[in-house]
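Working notes, beginning with the structure itself.
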Amino acid sequence: MDHSNESHEEHAHSGFGMYLTTWLALLVLTALTVGVAGMKLGNLSVFVAVLIAAIKSTIVTLFFMHLKNESTTLKVMVIVCLVTFAIFVGITFTDYPFR
Amino acid sequence: VSVDTAGHSKGLTVHTHRDYAGAKIGMWLFLFTEILLFGGLFIIYAVYRYQHAEEFHVAAAELDTLVGMINTIILLTSSMTVAVAIAAMQQGRKKLAMVCVWTTVAFGGWFMVNKYFEWGAKFSHGLYPNSEYLLDLPSGEILFFGLYFTMTGLHGLHVVVGMVLLAVAAIKLRNKPNHSVKFADEGIERLQGTKLAFLDSSGNKMWTGDEVDDSIAEVSVDIKYKPVAKRLRREDYSLLENGGLYWHLVDLIWIFLFPLFYLIT
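Chains as they are written, first to last, in the working numbering: chain F, 359 to 457; chain X, 3 to 267.
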C-alpha cells in the first residue's frame, strides 16, 4: 500500500529539543519566583512575581502554543485580547485608589 | 490492501467538511474568553489585596508552598508532554504521541490528587467556604480564602475538563489516519456484476468476494493507514492540537495563581 514507512525517520527527534529547552527555562523561572519571594523586597515583590509570571506565560504561548509560527492575524488577535484586559486593569486602577 | 473493482476503481470518496484554520481560530477565541474570565478574578484579587495587604500576607501563610511548587512543576511538565505529543504526531510517530497524551492526562490526575489532599487539609482545619472558623477571621483573610477557593477551584475544574478533552482526542485518534470510499445510490450500479478482491503488494489476489448483484445497496471500503507523516493530515489531529492549546492555557493560569497565592508570605 505504501512504502514510506521509513521516510519520516530523518525528521525523528527534530523539534523535541526546543520543547525540552522551553521546559527547562520555565523550571528555572519557577525556582527564581520562589527564590525572589523569600527575599524581603516589600512592594516590589508583587511586581517581580507578576513580571516573572508574564515572562513564563510569554514563553508558553510562543513555544508550547506555537504562537511564534502563527499567522499575523492570530498574533494581532492575541494582542487585542491582552490590550482589552490591560484596559480593564487600567480603568480599575485609575478608579479604586482615588475613591 | 488495495481494492480491485474490475476496472471501476473510482468510488465516491466520503467527504467530511473539516476546516483546520477555522477550528484553531475558534479555539483561540474561546481561550480569550477564558483569559478574560480569569482576568476579571485577578482584578478582584488585585483590588482586595491592595485594600487588605497585611491580612492577605497572614492568610497566605496557611497555604502549603511545597504543594504549590510541586503542582507548578507537574503542570509545566505536562505542558511539555502535550507539546511533544503534537510534534510527534506531525512526524507520524503516533505511538509516541499517544504515550505523551496519556502521560499528560496522568499528570493532570496527579495535580488533582495533590489538590484533593491540599483542600482536604484545609477542610479538616475548619477552613472551607462559609465555615464558622473562616467567618471569625478578619475580613481581609475571609476575602483571601474566598478568592483562593474560587480561583483554584475554577482552575481545578479546568484541569478536569482538559483531561477529558485530551482523553477524547486520544481515543478519537485510535483509528486514524483512515480513509473511507463508498459506493452507494448513483455509484453502486457501476459495481454491478463485479467482484471485490483483496490484493497484496505484488498484485496477487489474497481474497475474492462474491459477485456484486442488485441485492447489494452499498459497498464501502474503510482503509486504516499506517500512521506515517505523509498519511496523517493536520485535520486528523486538530482536536488534539486544540486540546493541547486548552491545556497550555490551564498551565498559564496556574503560572499566575502560584506566586499570587502561595508566595506572598
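Glycine included, C-beta positions come from ideal geometry on N, C-alpha and C.
Bear in mind the structure is a predicted one, so any value in this text is a computation, not a measurement.
Test: residue i CB closer than 7 Å to a CB of chain X
i: residue 395 of chain F; result: yes
i: residue 366 of chain F; result: No answer about residue 366 of chain F holds up, because its pLDDT of 41 lies below 50 and its placement is not dependable.
i: residue 407 of chain F; result: yes
i: residue 422 of chain F; result: yes
i: residue 441 of chain F; result: no
i: residue 411 of chain F; result: yes
i: residue 386 of chain F; result: no
For residue i, the first and last residue of its enclosing beta strand (DSSP E)
i: residue 212 of chain X; result: 207 to 213
i: residue 237 of chain X; result: Counting along the chain, residue 237 of chain X falls outside any beta strand (DSSP E), and DSSP gives it neither H nor E.
i: residue 226 of chain X; result: 220 to 226
C-alpha distance - residue i paired with residue j, whole-angstrom precision
i: residue 136 of chain X; j: residue 156 of chain X; result: 20 Å
i: residue 126 of chain X; j: residue 59 of chain X; result: 22 Å
i: residue 140 of chain X; j: residue 234 of chain X; result: 59 Å
i: residue 198 of chain X; j: residue 227 of chain X; result: 20 Å
i: residue 245 of chain X; j: residue 446 of chain F; result: 28 Å
i: residue 427 of chain F; j: residue 204 of chain X; result: 43 Å
i: residue 239 of chain X; j: residue 91 of chain X; result: 8 Å
i: residue 131 of chain X; j: residue 237 of chain X; result: 44 Å
i: residue 389 of chain F; j: residue 183 of chain X; result: 55 Å
i: residue 374 of chain F; j: residue 229 of chain X; result: 19 Å
i: residue 119 of chain X; j: residue 78 of chain X; result: 20 Å
i: residue 110 of chain X; j: residue 23 of chain X; result: 28 Å
i: residue 84 of chain X; j: residue 192 of chain X; result: 46 Å
i: residue 252 of chain X; j: residue 455 of chain F; result: 31 Å
Extent of the continuous alpha helix (DSSP H) run through residue i
i: residue 143 of chain X; result: 141 to 174
i: residue 81 of chain X; result: 67 to 92
i: residue 64 of chain X; result: First-last for residue 64 of chain X: undefined, no H or E at that position.
i: residue 244 of chain X; result: 240 to 259
i: residue 414 of chain F; result: 402 to 417
i: residue 126 of chain X; result: 96 to 126
i: residue 389 of chain F; result: 374 to 396
i: residue 188 of chain X; result: Run containing residue 188 of chain X: none; DSSP gives neither H nor E here.
i: residue 135 of chain X; result: 134 to 137
Reduced DSSP secondary structure (H/G/I, E/B, other) of residue i
i: residue 427 of chain F; result: helix
i: residue 54 of chain X; result: coil
i: residue 199 of chain X; result: strand
i: residue 444 of chain F; result: helix
CB contact below 7 Å: residue i versus chain F
i: residue 1 of chain X; result: With chain X represented from 3 up to 267, any question about residue 1 of chain X goes unanswered, as that position is not in the structure.
i: residue 302 of chain X; result: For residue 302 of chain X there is no data in the structure shown, the boundaries of chain X being 3 and 267.
i: residue 250 of chain X; result: yes
i: residue 153 of chain X; result: no
i: residue 76 of chain X; result: no
i: residue 1 of chain X; result: With chain X represented from 3 up to 267, any question about residue 1 of chain X goes unanswered, as that position is not in the structure.
i: residue 259 of chain X; result: no
heavy atom of the ligand NAD below 6 Å from residue i C-beta
i: residue 102 of chain X; result: Within the structure as shown, the ligand NAD is missing, as the structure has no ligands at all.
Within 8 Å, do at least three Cβ pairs link the region 147 to 161 of chain X to the region 33 to 43 of chain X? yes
Please determine if the region 52 to 67 of chain X and the region 99 to 110 of chain X are in contact, where contact requires at least 3 C-beta pairs separated by less than 8 Å. no
Touch check for the region 242 to 262 of chain X and the region 402 to 416 of chain F: three-plus C-beta pairs under 8 Å? yes
Between the region 391 to 400 of chain F and the region 216 to 231 of chain X, are three or more C-beta pairs nearer than 8 Å? no
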